[in-house]
Amino acid sequence: MKDVATGKTVKFSFDPKKPPVLTDVQKARSAKLKAMKDEDIDYSDIAATSAADWTRAKPVMGVQNKQLISLRLDPEVLEFFKAQGARYQTRISAVLQEYVRAHR
Numbered sequence: 390m391k392d393v394a395t396g397k398t399v400k401f402s403f404d405p406k407k408p409p410v411l412t413d414v415q416k417a418r419s420a421k422l423k424a425m426k427d428e429d430i431d432y433s434d435i436a437a438t439s440a441a442d443w444t445r446a447k448p449v450m451g452v453q454n455k456q457l458i459s460l461r462l463d464p465e466v467l468e469f470f471k472a473q474g475a476r477y478q479t480r481i482s483a484v485l486q487e488y489v490r491a492h493r
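For the sequence shown, my numbering assigns the number 390 to the initial residue and increments by one for each residue that follows.
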C-alpha cells in the first residue's frame with residue numbers, strides 16, 4: 390500500500406474485530422460499490438483465463454509440516470531463485486515437489 394501524498398510504501402495492519410471508522414467519502418464509495426451489479430463491473434483490464442489455467446495451481450501459504458534442513462545449492466541456482474523475490478525457499482520446495490510428482 391502506498392501513501393498517496395508521498396508515494397512511499399507504508400505498512401497497514403487490519404484487525405477485523407476492530408475495523409477502522411470510515412469517512413463519509415469512504416462510506417459513499419462503499420455504498421456505490423455495494424449497489425453495483427456484477428454485469429456493471431468493468432473487467433477489460435483483466436486478462437482472460439480459463440479453468441485450464443488453474444489446473445496446476447497450488448496454495449503456497451499455510452503449510453506447517455515443513456522440516457528445517459541444510460541444503461547445499463550451486464550459486465547460480467540460489468541466485469536464480471533469490472532474484473525472483475521473497476519466499477524463494479517456498480518456490481524451491483514447489484519445484485522439488487513437482488519433480489517428485491513427475492518421477493513417481
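We put the CB at the ideal spot given by N, CA and C, even for glycine.
Bear in mind that the values here come from a model prediction, so they are computed numbers and not experimental data.
- Going by beta carbons, isoleucine 458 and phenylalanine 470 fall outside the 7 Å limit.
- For lysine 416, the enclosing alpha helix (DSSP H) starts and ends at 413 to 424.
- The alpha carbon of glutamine 456 has as its nearest neighbour, out of Gln478, Ala420, Pro464, Arg493, the alpha carbon of Gln478.
- Residue pairing by DSSP places threonine 398 opposite Lys391 in a beta bridge.
- When secondary structure is reduced to three states using DSSP, lysine 471 falls in the helix class.
- Apart from sequence neighbours up to five positions away, no residue of its chain approaches aspartate 413 with a beta-carbon distance below 7 Å.
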